[in-house]
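K.L.:
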Amino acid sequence: MNTRMILRTLGQILQIFAALLLLPLGVSLLHRESPLPLLIPLSGAALVGLLFSLLRPKTTAIFARDGFVIVGLGWMLISLFGALPFYLSGALPTYVDALFESVSGLTTTGATVVTDLVGMPRGVMFWRLFSHWIGGMGVLVFLMAVLPMSGKHSMHIFRAEVPGPTKGKLVPRARQTARVLYMIYIALTLLEAIFLLCGGMSFYDAILHAFATAGTGGFSTNPASIAGFGSRYIETVVAVFMMLFGVNFNLYFLLLIGSWKDALKNEELHWYLGLIFGAVLALTMGLLKTYGGFAAAFHQAFFNVNAIMSTTGFGTVDFTVWPEYGKWILVLLMFCGGCAGSTSGGMKLSRLMILFKTVVSELRQMVRPRSVQRVEMDGRRVEAGTIRAAAIFAVLYFALLLLFSFLVSLDGVDLATSFTAALSCLSNVGPGMTAAIGPAGSFAFFSLRTKLFMSLAMLLGRLELYPILVLFSPRTWKN
Numbered sequence: 149m150n151t152r153m154i155l156r157t158l159g160q161i162l163q164i165f166a167a168l169l170l171l172p173l174g175v176s177l178l179h180r181e182s183p184l185p186l187l188i189p190l191s192g193a194a195l196v197g198l199l200f201s202l203l204r205p206k207t208t209a210i211f212a213r214d215g216f217v218i219v220g221l222g223w224m225l226i227s228l229f230g231a232l233p234f235y236l237s238g239a240l241p242t243y244v245d246a247l248f249e250s251v252s253g254l255t256t257t258g259a260t261v262v263t264d265l266v267g268m269p270r271g272v273m274f275w276r277l278f279s280h281w282i283g284g285m286g287v288l289v290f291l292m293a294v295l296p297m298s299g300k301h302s303m304h305i306f307r308a309e310v311p312g313p314t315k316g317k318l319v320p321r322a323r324q325t326a327r328v329l330y331m332i333y334i335a336l337t338l339l340e341a342i343f344l345l346c347g348g349m350s351f352y353d354a355i356l357h358a359f360a361t362a363g364t365g366g367f368s369t370n371p372a373s374i375a376g377f378g379s380r381y382i383e384t385v386v387a388v389f390m391m392l393f394g395v396n397f398n399l400y401f402l403l404l405i406g407s408w409k410d411a412l413k414n415e416e417l418h419w420y421l422g423l424i425f426g427a428v429l430a431l432t433m434g435l436l437k438t439y440g441g442f443a444a445a446f447h448q449a450f451f452n453v454n455a456i457m458s459t460t461g462f463g464t465v466d467f468t469v470w471p472e473y474g475k476w477i478l479v480l481l482m483f484c485g486g487c488a489g490s491t492s493g494g495m496k497l498s499r500l501m502i503l504f505k506t507v508v509s510e511l512r513q514m515v516r517p518r519s520v521q522r523v524e525m526d527g528r529r530v531e532a533g534t535i536r537a538a539a540i541f542a543v544l545y546f547a548l549l550l551l552f553s554f555l556v557s558l559d560g561v562d563l564a565t566s567f568t569a570a571l572s573c574l575s576n577v578g579p580g581m582t583a584a585i586g587p588a589g590s591f592a593f594f595s596l597r598t599k600l601f602m603s604l605a606m607l608l609g610r611l612e613l614y615p616i617l618v619l620f621s622p623r624t625w626k627n
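Following the working numbering, the numbering of the sequence shown begins with 149 at its first residue and continues without gaps.
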């Protein structure tokens, strides 16, 4: 293990993180608020980052194990520093609560323990929603985009942080790939902000909600979430962009370079859109009486299906009072998540497609033992290693889901609350499926111990298990 290179990279991460805190600090100064809640973590991250970055490793090469360690420790460090603004400002009473909110923001989960949004300082509020945008594409991808990373193995960092069963470079160099991804990310964020401004949102709210949508996070400046703005136009804009940010960003790159056919023929995209509109139509039919007509029922179904499928978690209504079958549809969508290479959470559709096609292939093989069955995606054969990786990930995912459901249940909550709270955190969705943790509820009533468990679950979900699990393996720390 290249320990000095790991520490040096962690130092660069903290320096980038400190630089990003300048933006909410500026907002705080603009509104004449005390700068200390943001200045202290900014200074601390910058100082520790400087000390780490002064280390001179013998070699700058980063290998697979180093990449996982850097990603896991890097996210833990920025979560710890990111909690300080909430705690120092008095917005949250304990550091554990602040850590939960920080992890929820950076992992783009959107589960909250804040009970008084109105009293939160503007600079801290800006940091709360800006953290979604930082975590959406990934702080290490941002690091690669702005700093030249030495060593030919820097792709290991990219692969450890970007979600999905397979990772590839859009262009020959990993740094160029990171830049392309962030250019697309910034462009879509600005486009949504413009549409929200046209709908009557203030500049402050439009920018922050664009940040939250881009990262598929779900925090809002309004206690009633998107419903609090009382605008069907704003709700529709947010719903459309939630759907767009759940799409693989590689497809946007293909559109930019003119490869429209390749982008539109993408099989995962077809499944993604098919599941969304299938779920929307199924829910619309069941909500006709609830909302008094097709248009209103379709609107609520479209918004909330996209909120759950993209794992953004914004709310327009309390879907915990919907018919049971409607809630089951949303729970199934929480498992799915969006496309690989997007900012959404969940297991990712590409993995589920691989597993589904593998099962179908095995069934066909049983019926016709002499036939040759292949698992294909987009007309190309899926390698056995990729199938194995998808199966192992699914087993680990469900094992951890059961473990965290049990740990949450130790607080004495019912089965539905403990299970959907764990699922929401592990899939980075935000709201659960009971009144206590639904769109109108919060996670504030859980014990500090359970909030720590759920914070760990959110980190596991955002980093797709392995970078965090690797940290708990004794073999990781042996040379």
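Beta carbons are placed, not taken as given, at the ideal position from N, Cα and C, and that holds for glycine.
Have a look at the DSSP bridge pairing and note the partners of Met143.
P.N.:
In the structure as shown, the chain begins at 149 and stops at 627. Residue 143 is therefore absent and cannot be evaluated.
K.L.:
Determine the direct distance from the alpha carbon of Lys626 to that of Gly284, and round the result to whole angstroms.
P.N.:
For the purposes of this step, residue 284 is identified with residue 136 of the sequence shown, where counting begins at 1. For the purposes of this step, residue 626 is identified with residue 478 of the sequence shown, where counting begins at 1. Answer to the nearest angstrom: the Cα atoms are 32 Å apart.
K.L.:
Leaving aside the five residues before and after Ser595 along the sequence, list all residues of the same chain whose C-beta is less than 7 Å from its C-beta, in chain order.
P.N.:
The residue you call residue 595 lines up with position 447 of the sequence shown. Around Ser595: Asp559.
K.L.:
Return the bridge partner residues of Arg529 from the DSSP annotation.
P.N.:
Residue mapping note: residue 529 aligns to position 381 of the sequence shown, counting from 1. DSSP lists Glu524 as partners of Arg529.
K.L.:
Assuming Trp223 and Leu503 are in contact, meaning their beta carbons sit under 8 Å apart, how far apart are those beta carbons, in whole angstroms?
P.N.:
Counted from its first residue, the sequence shown places residue 223 at position 75. Counted from its first residue, the sequence shown places residue 503 at position 355. With a Cβ gap of about 27 Å, Trp223 and Leu503 do not count as contacting.
K.L.:
Quick check on the burial criterion: 16 or more other C-beta atoms within 10 angstroms. Buried or exposed for Arg499?
P.N.:
As a working mapping, residue 499 is identified with position 351 in the sequence shown. Buried, by the Cβ-count rule.
K.L.:
Measure the C-alpha to C-alpha separation of Ile210 and Leu171 and round it to an integer number of angstroms.
P.N.:
Within the sequence shown, residue 210 is the residue found at index 62, counting from 1. Within the sequence shown, residue 171 is the residue found at index 23, counting from 1. Roughly 31 Å separates the two Cα atoms.
K.L.:
Out of Gly286, Ala239, Asp245, which one is the CA nearest neighbour of Met273?
P.N.:
For this step, residue 273 is matched to residue 125 along the sequence shown. Looking at the Cα atoms, Ala239 is the closest of the given residues.
K.L.:
Along the alpha helix (DSSP H) that carries Ala209, what are the first and last residues, could you check?
P.N.:
Translated into the one-based positions of the sequence shown, residue 209 becomes position 61. First-last for Ala209: undefined, no H or E at that position.
K.L.:
Nearest-angstrom Cα distance between Phe467 and Ala542?
P.N.:
Position 319 of the sequence shown, counting from 1, holds the residue named residue 467. Position 394 of the sequence shown, counting from 1, holds the residue named residue 542. For Phe467 and Ala542, the distance between alpha carbons rounds to 27 Å.
K.L.:
Check Lys505 in the structure and name its three-state DSSP category.
P.N.:
Start at 1 with the first residue of the sequence shown, and residue 505 comes out as number 357. Correct three-state label for Lys505: helix.
K.L.:
What is the residue span of the alpha helix (DSSP H) that Trp96 lies within?
P.N.:
Past the boundaries of the shown model lies residue 96; the chain is included only from 149 to 627, so the question cannot be answered.
K.L.:
My output table needs one value for Phe450: the three-state DSSP class, helix, strand or coil.
P.N.:
As a first step, residue 450 must be located in the sequence shown, where it is residue number 302. Three-state result, Phe450: helix.
K.L.:
Could you work out which residue in Gly271, Leu421, Val266 is closest to Leu232 when comparing CA atoms only?
P.N.:
On the sequence shown, residue 232 is found 84 positions in, with the first residue counted as 1. Considering only alpha carbons, the answer is Gly271.
K.L.:
Select from Val395, Ser566, Tyr400 the residue whose C-alpha is nearest the C-alpha of Gly422.
P.N.:
Counting from 1 along the sequence shown, the entry for residue 422 is found at position 274. It is Val395 whose Cα lies nearest to the Cα of Gly422.
K.L.:
Going by beta-carbon coordinates alone, are Gly485 and Gly493 separated by less than 8 Å?
P.N.:
Looking up residue 485 in the sequence shown gives position 337. Looking up residue 493 in the sequence shown gives position 345. Yes; because the gap between Cβ atoms is below 8 Å, this pair is in contact.
K.L.:
Rounded to whole angstroms, how far is the Cβ of Phe216 from the Cβ of Pro615, which I believe are closer than 8 Å?
P.N.:
For the purposes of this step, residue 216 is taken as the residue at position 68 of the sequence shown. For the purposes of this step, residue 615 is taken as the residue at position 467 of the sequence shown. That pair is a contact at about 5 Å.
K.L.:
Out of Phe377, Arg327, Thr325, Val385, which one is the CA nearest neighbour of Leu339?
P.N.:
Translated into the one-based positions of the sequence shown, residue 339 becomes position 191. Of Phe377, Arg327, Thr325, Val385, the residue nearest in Cα terms is Val385.
K.L.:
With 16 as the cutoff for other CB atoms within 10 Å, does Gly348 come out buried or exposed?
P.N.:
The residue you call residue 348 lines up with position 200 of the sequence shown. With fewer than 16 other Cβ atoms within 10 Å, it is exposed.
K.L.:
Excluding the 5 residues preceding and the 5 following Leu184 in the sequence, name in chain order all residues of the same chain whose CB lies nearer than 7 Å to its CB.
P.N.:
The sequence position of residue 184 within the sequence shown is 36, counting from 1. Hits under 7 Å: Leu236.
K.L.:
If you drop the 5 nearest sequence neighbours on each side, which residues of the same chain put their C-beta closer than 8 Å to that of Ser519?
P.N.:
For this step, residue 519 is matched to residue 371 along the sequence shown. Around Ser519: Arg512, Gln513.
K.L.:
Since Leu173 and Leu187 should fall inside the 8 Å C-beta cutoff, what is the C-beta to C-beta distance between them, to a whole number of angstroms?
P.N.:
Within the sequence shown, the letter at position 25 stands for residue 173. Within the sequence shown, the letter at position 39 stands for residue 187. 6 Å between Cβ atoms; contact.
K.L.:
On the CB-based measure, 16 or more other CB atoms within 10 Å of its CB, does Thr459 come out buried or exposed?
P.N.:
Indexing the sequence shown from 1 puts residue 459 at position 311. Thr459 is buried by the Cβ-count criterion.
K.L.:
Would you report the Cα separation of Asn414 and Tyr545, rounded to the nearest angstrom?
P.N.:
Counting from one through the sequence shown, the residue named residue 414 turns up at place 266. Counting from one through the sequence shown, the residue named residue 545 turns up at place 397. Cα to Cα, the separation comes out at about 26 Å.
K.L.:
With DSSP collapsed to three states, give me the class of Ala488.
P.N.:
Working through the sequence shown from its first residue, we reach residue 488 at position 340. Ala488 falls in the coil class under three-state DSSP.
K.L.:
Kindly indicate the opening and closing residues of the alpha helix (DSSP H) around Asn414.
P.N.:
Translated into positions along the sequence shown, residue 414 becomes position 266. Premise fails: Asn414 is in no alpha helix (DSSP H) and is neither H nor E.
K.L.:
Check the C-beta distance from Phe112 over to Thr464 and give it rounded, since I have them as a contact under 8 Å.
P.N.:
Nothing about residue 112 can be read from this structure; the chain reaches only from 149 to 627.
K.L.:
Along the alpha helix (DSSP H) that carries Gly609, what are the first and last residues, could you check?
P.N.:
On the sequence shown, position 461 is the one that residue 609 refers to. Taken as a continuous stretch (DSSP letters only), the alpha helix (DSSP H) holding Gly609 covers 596-610.
K.L.:
Tell me whether Gly494 sits in a helix, a strand or coil according to DSSP, three-state version.
P.N.:
The residue labelled residue 494 in the question sits at position 346 within the sequence shown. Coil.
K.L.:
According to the neighbour-count rule (16 or more other Cβ atoms, all chains shown, within 10 Å of its Cβ), is Met391 buried or exposed?
P.N.:
Taking the first residue of the sequence shown as 1, we reach residue 391 at position 243. When all chains shown are included, Met391 counts as buried.
K.L.:
Helix, strand or coil, according to DSSP, for Leu155 in the structure here?
P.N.:
Numbered from 1 along the sequence shown, position 7 holds the residue referred to as residue 155. Correct three-state label for Leu155: helix.
K.L.:
How big is the Cα-Cα spacing for Val266 and Leu202?
P.N.:
One-based indexing of the sequence shown puts residue 266 at position 118. One-based indexing of the sequence shown puts residue 202 at position 54. In a straight line, the C-alpha of Val266 is about 42 Å away from that of Leu202.
K.L.:
Skipping 5 residues on each side, what residues in its chain have a beta carbon closer than 7 Å to that of Gly434?
P.N.:
Here residue 434 corresponds to residue number 286 of the sequence shown, with the count starting at 1. Only Pro471, Tyr473, Gly474 meet the Cβ criterion.
K.L.:
Below 8 Å on the Cβ atoms is my guess for Gly489 versus Phe397; work out the distance and round it to an integer in Å.
P.N.:
In the sequence shown, residue 489 corresponds to position 341, counting from 1. In the sequence shown, residue 397 corresponds to position 249, counting from 1. Right, their Cβ atoms sit about 5 Å apart.
K.L.:
Could you round the C-beta distance between Leu247 and Ser227 to whole angstroms and report it? I think they count as a contact, below 8 Å.
P.N.:
Here residue 247 refers to the residue found at position 99 of the sequence shown. Here residue 227 refers to the residue found at position 79 of the sequence shown. Right, the Cβ-Cβ distance comes to about 7 Å (below 8 Å), so this counts as a contact.
K.L.:
Can you tell me where the alpha helix (DSSP H) holding Asp245 begins and where it ends?
P.N.:
The sequence position of residue 245 within the sequence shown is 97, counting from 1. 243-254 is the span of the alpha helix (DSSP H), which, as asked, contains Asp245.
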